[in-house]
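Heads up, the thing below is written out as structure tokens.
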Amino acid sequence: LCQTKEQRILDFVLKNAVRGDPQSVIDNIDKYCSQREWSMNVGNEKGIILDNVVKESNPSTILELGTYCGYSAVRICRLLKPGVRFFTVEFNPAYAAVAKQIIEFAGLIDKVQVLEGSTGDIIPQLKKKYEVDTLDFVFVDHWKDKYKPDTQLLEKCNLLRKGSVVLADNVIVPGAPDFLEYVRNCGKYDCTNFPSFLEYMDEKDALEKAVFRG
Ligand SMILES: CNc1ncnc2c1ncn2[C@@H]1O[C@H](/C=C/CNC(=O)c2cc(-c3ccc(F)cc3)cc(O)c2O)[C@@H](O)[C@H]1O
Ligand SMILES: [Mg+2]
1273 LCQTKEQRIL DFVLKNAVRG DPQSVIDNID KYCSQREWSM NVGNEKGIIL
1323 DNVVKESNPS TILELGTYCG YSAVRICRLL KPGVRFFTVE FNPAYAAVAK
1373 QIIEFAGLID KVQVLEGSTG DIIPQLKKKY EVDTLDFVFV DHWKDKYKPD
1423 TQLLEKCNLL RKGSVVLADN VIVPGAPDFL EYVRNCGKYD CTNFPSFLEY
1473 MDEKDALEKA VFRG
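As structure tokens, this is what we get:
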């Protein structure tokens, strides 16, 4: 009855992970996607870099663009102190449904708001509708051609402040060349590249950290 890969990932987690244990959820998604079916989760190599950037930023208000199955939502939220707010945006209802169940199973649903819709519509609503002042941390992992326009939209909506961290997945594979060129040359960000590997593969990939200068 599990027709989609995402449902099969959820089923594997529900069967094999430990309820309320985010690390076991992460480990089992990685196990399924490396042994059975490849899937576009940030994975464990890039995930460890993500963990370190989150830890050093110690963020209180976090936004993720592109929830997919919720792997990076679980990865990020397992590190956060109580009382922080994590918003994640997903416009595919089937993916959002899987992600909510995975986040819930991990015991993190109280920290997470899965906002169903398009980033282009939701980002402008964050201040008024979701009572966001500014964002401390943004994880960008949705369609690669939307990285640059959505980063510019975050700026336009005054959601970034001095020191806000924008961390982008896949800047080598599939790549986000216009985003890289923008954040590295527009003069508004201090950029750091973190070379790593594509999830569950030996191919090179990288994360880019862009810290807003304010
Ligand atoms: C544009 N506005 C949007 N608003 C809300 N949600 C959006 C969205 N765009 C995309 N999404 C959602 O984000 C997710 C999209 C992620 C796109 N990611 C990739 O394409 C990707 C692709 C690869 C990949 C790498 C190598 C390869 F051979 C094949 C694929 C690896 C990755 O780590 C990736 O992140 C989906 O859940 C989609 O429904
Ligand atoms: Mg990715």
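Numbering (the working numbering), first residue to last: 1273 to 1486. Heads up, the beta-carbon is just placed ideally off N, CA and C, and yes, glycines get one too. Here the structure is a predicted model, which means the values were calculated and not measured.
- Between the stretch 1432 to 1442 and the stretch 1392 to 1400 there are fewer than three inter-stretch CB-CB distances shorter than 8 Å, so the stretches are not counted as touching.
- Between ligand 1 and residue 1306, a heavy atom-to-CB distance of less than 7 Å is absent.
- Secondary structure within the stretch 1441 to 1482: the beta strand (DSSP E) runs of 3 or more consecutive residues, fully enclosed, are 1461 to 1469 (chain order).
- Sorted by chain position, residues whose beta-carbon lies closer than 6 Å to a non-hydrogen atom of ligand 2 are 1312, 1314, 1413, 1441, 1442.
- For residue 1438, the Cβ stays outside the 7 Å cut-off from all heavy atoms of ligand 1.
- Pairwise C-beta distances place the stretch 1465 to 1473 in contact with the stretch 1312 to 1319, as three or more of them are shorter than 8 Å.
- The Cβ atoms of residue 1360 and residue 1380 do not sit closer than 8 Å to each other.
- Put simply, the stretch 1321 to 1332 touches the stretch 1347 to 1363. At least three CB pairs are less than 8 Å apart.
- CA-CA distance, residue 1374 to residue 1293, rounds to 11 Å.
- Within the same chain, no Cβ atom closer than 6 Å to the Cβ of residue 1299 is found once the five residues on either side in sequence are excluded.
- Under the criterion of beta carbons closer than 8 Å, residue 1391 and residue 1422 qualify as touching, at roughly 5 Å.
- If the five residues before and after residue 1456 are omitted, its C-beta is found closer than 6 Å to the C-beta atoms of 1463, all from its own chain and listed in chain order.
- Ligand 1 approaches residue 1367 closely enough that one of its heavy atoms is under 7 Å from the residue's Cβ.
- Here residue 1461 is actually not in contact with residue 1420; their C-beta atoms are around 12 Å apart, not less than 8 Å.
- Placement of the Cβ of residue 1276 at a distance of 7 Å or more from every heavy atom of ligand 1 is found.
- Taking 7 Å as the cut-off, one finds at least one heavy atom of ligand 1 near enough to the beta carbon of residue 1446.
- Within the stretch 1378 to 1426, complete alpha helix (DSSP H) segments of at least 4 residues are found at 1391 to 1394, given in chain order.
- With distances taken between CA atoms, residue 1406 lies nearest to 1358 out of 1475, 1285, 1358.
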